[in-house]
Structure formats: C-alpha cells, structure tokens
DNA sequence: TACGGTACCAACAGCGTGTTGACATAGTCA
DNA sequence: TGACTATGTCAACACGCTGTTGGTACCGTA
C-alpha cells in the first residue's frame, strides 16, 4: 500500500493507534451500530445519541455523517434491496420446460436475502409510513418487481401455457404484496404467521394456482 | 355504535345539561376529531394539543379522557373491527351450491367496511408497529379471521369440493395477509397498487384458484 | 352548606431533536 | 516553515412535544 518512502514516515511517527479513525470507518460504524440495535428495537426507540455512542462519536458529530436517523436506515435499505435484486434476477430465470422452477427460485431468492437482513426489512416497512424517501425507494423497487412479474405472466399467457383471468398487472400487484406481507409477518414474528420452512411452498402454491389455474369469475 | 366490549367500559355519565358539554360529548368529540385529522395526516404528525383543541378542551384535559393518542386510535379501531366482523359474518355465509358467492361476499364485506374508515385502517396498521395494544387487538382479530378461513377451506376439502395442497392454516394466513396488504395499499394510495374497482375480483381470483385448484408442488 | 365526584387548566419537568460556533488535526501549497 | 483549507469533533443552546402536578370551578346529593 504505502509505496512512497515519505508516506510511512508520516504514518509511523505520529499516527499510531491513538489517532482518530477515518471518516469512512465512522460512517460504517454508524451503519453497523444501527443494524445491530435494530435487531432488538425499532428505529423510533433508538435515539441518535445511542447510534453516535455506538460508533464512538458524540451526537452532534453524528450529524456530520448523516442528516437523520432515517437517512441511516435508507442507506441500509438501499444495500439490502440491491442485494435482493441481484439475487432474484441473477441468472435471468428462463421459463423453460419446467413451470415451477423459475418462480420458486425467484421467491426463494427474496426470502433468503431479506431473512438475512430481517431487522432492516422490518424497520424499513415501518419507516415507509413516516418517511417519504423510504416510501419512494420501496415504491420504485416494488414497481420494478411487479413489472417483471406482470411481463412473466403475460408471456405465459401469450405462449398459451397460462389462461387469461384478471389483468396480469393487478394479479402481479396482489401476489407481490402478499409476498411482502407474509415475509414481514414471519420476520417480525407476528401472530398470526407461519413457520419459516413453510413460507416458500405456501407462497408458491398461491402464485402458481392463480397464474396457471385461474377460476372463471361470475 | 358501541358494539365493542372494550369500548363501553363503565363511563356511565348521563348528560347533565350544564353550561359545559358533558363528558360523553367531549369523548366523542375527541374521537371525531381524531378520525377527521387522520384523513390528512398520520397519528404521529398529530399532536395531543390538536386533538384537544379540536374537541374544545385543553391538552391536560385530554388526559382526563384518554391516557394517550394511541388509546384514542385503539377505541376507533375497536369500533371499526366490530363493524367489519359483523358485516363479514352476519348471515353466516353457507357453502351452498355456489362456490364463489360466499367467498365474494365475505371479501366484499371487509373491503366495504374498511373503505368507509380508511383513515382508521391506515393509522392502525402504522400504530401496530409501535403500540402493543393495537398489535394485540389486530392479532386477535386476524387470528379469528384466519381460523374461520382455515375451517372453511378444510370443510371444502372434507366435502371433496377442494383438493388438498399446502396446509389449510398456512394458506389461510397467506390469503388473509394478502387481503390486508392489498387493501392497505389501495386505501393509502400507494404506488404500486390497483384501482378500487379491481380489488375484490383480483383477491377473489387468488383465493378461489389457490383453494380449489392448487397445483402439485415438486 | 358542605361534600365529593366530575371536569378543567396553568405551569413545570423531562427527553429527544436539530443547530451553532468554536476548536482540533492532517494534508497542501507558497 | 508557516499560512491556508479540509475534514472532524463537540459543548451548549433553542425548540417542540409529552406526561404530570397541584390547584380551581362546577354540580348533584344529603
């Protein structure tokens, strides 16, 4: 790393472990503290002072790195969402011979990713109500998933493998919202919810039935 | 409309015609003010002072009637839930010849009732995260609807009109959570959601497909 | 008339947020 | 080297909202 001879002079002489951590380290420390504390309590129950102390700085200094608690959560959510997006659409699941497999893989990918960051997922769902930026980020993300779902449903209908029913868009919205809500219930350990092991099978059952075997409504 | 058990606890003040409005009138005024203000803003954005002013009293006097903002919402929610419960299970929808009709009527009943009190519904969903009493009330209510759904699904399976698939309980949980989430999205005018006219048909489609035409999972 | 329950509020205490202004330290350039 | 600028840092303040205290006014009953 330190290629120049003048660089380690400065490093070795003065800046032993006693000197201040860098700004980047501080920012990461705040993020890590936030995710850690969110495992136990909601964001509104966590004060900025706690976040700051956890990162080894004072409350006013917190404002140097983030404009608010919510901004911290927004950063965390951004990371998790990017991870989920990458996981769910990485190998561009093709509708080959098997009808079930690609749907199962996509649902599983979301489930696994959000389960790994359940604290962030639950906190974000709550913050959505009060914070316009979180709401907007989540809306954008949901919208993109809904559109992919709608396109996949429409493709199946066009291929003749799925019959028509309610508009593909509405069905896609309902199914994606169901996934969001069921996963949230499981992660937040709500009453009523279901065992983690049952989540993917149950959701998949509902998706496949309503896409491939819609009933004719009166 | 004191249908609820928790709402009509012993506050049997009769209306003495004084210069001041009676306690009952004040309490109702607070409830009415709350529902009115909730149409525009979330509960956390409404101060107790506003609630008090709206009811024509001072902030400390508010505490004479309710221990907190959340208690006001809890009372409102109690009323709406009682109304929905009554509407959805009033004529004890029988599974007669028609498979679709009873499910459609139940889903429609919920939709109509909550739509009439959308502000309370949306506020309650938000308060659930932070308030244990709201959470508990909603959990109890959802649990009872899930149980009724599970029993109805199981009855259809026992009669041979619906094949087996995932456990009836898990399916009932997923379907009820979907209804909750979709209605919330519509009432809160979220992006993505759907037109109000499409809600019942879309939800019904998913319910009937997954109950009567479950696919065989791998 | 006086007593107790109901209804009411001014004022206070406490907590959390967001801001200000001053100060420290490290790198840069004259 | 010494002055300038960036980046960090924080004690102390202003503010808004919540929940409480301690006291007042009204009214039905005995």
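Chains as they are written, first to last, in the working numbering: chain A, 912 to 1129; chain B, 912 to 1129.
Think of the CB as a built atom: it goes at the ideal place given N, C-alpha and C, for glycine as much as any other residue.
Is there a Cβ of chain B sitting closer than 8 Å to that of residue i, yes or no?
i                       : result
residue 1117 of chain A : yes
residue 1065 of chain A : no
residue 1013 of chain A : no
residue 1101 of chain A : yes
residue 979 of chain A  : no
residue 1054 of chain A : yes
residue 1137 of chain A : What the structure shows of chain A is the stretch from 912 to 1129, and residue 1137 of chain A is not part of that stretch, so it cannot be assessed.
residue 1092 of chain A : yes
residue 1096 of chain A : yes
residue 1050 of chain A : yes
residue 1129 of chain A : yes
residue 969 of chain A  : no
How would you call residue i, buried or exposed, if buried means at least 16 neighbouring beta carbons within 10 angstroms?
i                       : result
residue 975 of chain B  : exposed
residue 1009 of chain B : exposed
residue 970 of chain A  : exposed
residue 1015 of chain A : buried
residue 1071 of chain B : exposed
residue 978 of chain A  : exposed
residue 1103 of chain A : buried
residue 1083 of chain A : buried
residue 1069 of chain B : exposed
residue 995 of chain B  : buried
residue 1106 of chain A : exposed
residue 869 of chain A  : Look at the range of chain A in this structure, 912 to 1129, and you will see that residue 869 of chain A is not part of it.
residue 952 of chain B  : exposed
residue 1101 of chain B : buried
residue 1085 of chain B : buried
residue 1060 of chain B : buried
residue 944 of chain A  : buried
residue 1123 of chain B : buried
residue 966 of chain A  : buried
residue 1066 of chain A : exposed
residue 1034 of chain A : buried
residue 1108 of chain A : exposed
residue 1032 of chain A : buried
residue 1096 of chain A : buried
Using beta carbons (cut-off 8 Å, strictly below), is residue i in contact with chain A?
i                       : result
residue 1123 of chain B : yes
residue 953 of chain B  : yes
residue 1112 of chain B : yes
residue 950 of chain B  : no
residue 992 of chain B  : no
residue 1130 of chain B : Outside the shown range of chain B (912 to 1129) lies residue 1130 of chain B, about which nothing can therefore be said.
residue 1109 of chain B : yes
residue 1120 of chain B : yes
Checklist entry - Is it a yes or a no for the region 959-969 of chain B touching the region 932-950 of chain B, going by three-plus beta-carbon pairs under 8 Å? => result yes
Checklist entry - Do the region 1019-1026 of chain A and the region 992-1002 of chain A meet, that is, are 3 or more Cβ pairs less than 8 Å apart? => result yes
Checklist entry - What residue ranges within the region 1014-1102 of chain A form continuous alpha helix (DSSP H) runs of no fewer than 4 residues, ordered along the chain? => result 1029-1041, 1043-1070 and 1079-1098
Item to check | contact_flag[the region 1116-1124 of chain B, the region 1121-1129 of chain A] where n(CB pairs < 8 Å) is 3 or more | outcome: yes
Checklist entry - Is there contact here, the region 1032-1047 of chain B with the region 1053-1060 of chain A, by at least three beta-carbon pairs under 8 Å? => result no
Item to check | Contact set between the region 1070-1090 of chain B and chain A, restricted to residues whose Cβ is under 8 Å from the partner | outcome: 1076, 1077, 1078, 1080, 1081, 1082, 1084, 1085, 1086, 1087, 1088 and 1089
Next on the checklist: Check whether the region 983-998 of chain A and the region 1024-1033 of chain A touch, using three or more Cβ-Cβ pairs below 8 Å as the test.
Outcome noted: yes
Next on the checklist: Can you pull out the residues from the region 1027-1044 of chain A whose beta carbon lies closer than 7 Å to at least one beta carbon of chain B?
Outcome noted: 1037, 1040 and 1041
Next on the checklist: Does the structure place the region 1106-1113 of chain A close enough to the region 1077-1096 of chain B that three or more beta carbon pairs sit under 8 Å?
Outcome noted: yes
Next on the checklist: For the region 955-967 of chain B, list every residue whose C-beta sits within 9 Å of some C-beta in chain A, in sequence order.
Outcome noted: 955 and 956
Checklist entry - In chain order, which alpha helix (DSSP H) runs of at least 4 residues are fully inside the region 939-972 of chain A? => result 959-965
Next on the checklist: My parser needs the alpha helix (DSSP H) runs of 4 or more residues fully inside the region 976-1012 of chain B; what are they?
Outcome noted: 980-1000
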